[in-house]
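Under my numbering, the first residue of the sequence shown is numbered 2, with each subsequent residue one higher.
Yeah, the Cβ is synthetic: ideal placement off N, Cα and C, and Gly gets one too.
No experiment lies behind these values; they were computed from the predicted model shown.
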Amino acid sequence: MADLLKGAPVAKALTTELASRVDILRERGVVPKLAILRVGEREDDLSYERGALKRCDKCGIEVQRFLLPADCSQDDLVAAIRQINAGDSIHGCLMFRPLPKSLDEAAACALLDPTKDVDCITEGSLYGVFANRPQGFPPCTAEAVMQILKFYGPKGEGRVPELRGADVTVIGRSLVIGKPVSMLLQAANATVTMCHTKTRDLPTKCKDADIVVVAAGHPRTFSADCAVPGQVVIDVGINWDPAAGKLVGDADFDAVEPIVGAITPVPGGVGSVTTACLAKHVVEAASRLCGTR
């Protein structure tokens, strides 16, 4: 039976640390604030927003919401982004995507001030991730993967091998997870192999890995024939399985869990750490403003 790498302990530890950092910032007259920009009322956006509000409250981060109807104009969206950019008290912005098809999402992302981009939607933030420079912030989900590996790593619970020199296979190549998390892993001195759903002989590519990050966007992409004993599997996927009537990951959990050494559950794994990483980015943005870390 594999060790379950649950997200809740990771999020709790990170929240405690962030609350202390926020106290220090407040003593210096800086109150971290997140702007949430939401267009419409998609249920997944509302669910994440509720989680973000709770996490920010626990950390002492203020939140200002900018809510627009689903049929808003591009001008309305531009006006909201410009208001966020101009707000001296706002340190970070979370803009929910995808936007309605009637809006130009690329133009909206490009308009956001990169220093307030806490979820890597601007080219400036992407450059920071790919160049390994402290510019902008990586996607919160990619950061959540790294936080889980750190928490359960040699200096934490010891259930995950040291990233330095480790062989890691990343399944997925999106700009949201696959590509940025591979850059973060390489910055931690891991040796990364990138795969995707069109990779030939995926099992062979996976069996050589100490750690596998599965972010393919398709349920059960990582199957039993990909797994080996002792392996660590970080499952980023969240998919609804109508046959099973439940959420499942991109790994075939029931088939893989008896084989590997450790695995993140779905739900209760990576997803539960993302709002803590969002809060982390807001606090770091505020820290940069006042010249502290």
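Taking all protein chains shown into account, decide if residue i is buried (16 or more other Cβ within 10 angstroms of its Cβ) or exposed.
i	result
Gln75	exposed
Gly246	exposed
Met2	exposed
Lys117	buried
Tyr128	exposed
Thr205	exposed
Lys281	buried
Cys291	exposed
Ala9	exposed
Leu68	exposed
Pro230	exposed
If you draw a straight line from the C-alpha of residue i to the C-alpha of residue j, how long is it?
i	j	result
Arg43	Val169	35 Å
Thr222	His197	9 Å
Arg56	Thr17	11 Å
Asp24	Gln148	22 Å
Val211	Ile178	Val is not the amino acid found at residue 211; the sequence shown has Asp there. If you take the alpha carbons of Asp211 and Ile178, they lie about 19 Å apart.
Ala167	His219	25 Å
Arg201	Gln136	35 Å
Pro70	Tyr49	18 Å
Leu279	Asp46	14 Å
Met184	Asp251	21 Å
Gly159	Ala53	29 Å
Leu150	Ile172	16 Å
Leu164	Val193	10 Å
My assumption, with CB atoms under 8 Å, is that residue i sits in contact with residue j. Please give the rounded CB distance.
i	j	result
Pro99	Glu63	About 27 Å; that fails the 8 Å criterion.
Val130	Ala286	Going by Cβ atoms, the distance from Val130 to Ala286 rounds to 15 Å, so no, they are not a contact pair.
Leu95	Leu35	6 Å
Ala236	Ile260	In the sequence under discussion, the amino acid at residue 236 is Asp, which differs from the Ala named in the question. Rounded, the Cβ-Cβ distance is 14 Å, inconsistent with contact.
Val267	Ala225	That belief does not hold up - the Cβ atoms of Val267 and Ala225 are roughly 17 Å apart, past 8 Å.
Pro181	Ala143	4 Å
Gly269	Lys7	6 Å
What is the DSSP secondary structure of residue i, counted as helix, strand or coil?
i	result
Phe138	coil
Val31	coil
Met2	coil
Asn190	coil
Gly93	strand
Cys196	strand
Arg83	helix
Gln148	helix
Arg43	coil
Gln232	coil
Val171	strand
Ile178	coil
Arg66	strand
Lys208	helix
Val23	helix
Lys247	strand
Val11	helix
Leu127	helix
Asp202	coil
Would you list the residues sitting across from residue i in a DSSP beta bridge?
i	result
Ile264	Leu5, Val234
Val214	Val171, Ile235
Asn240	Val249
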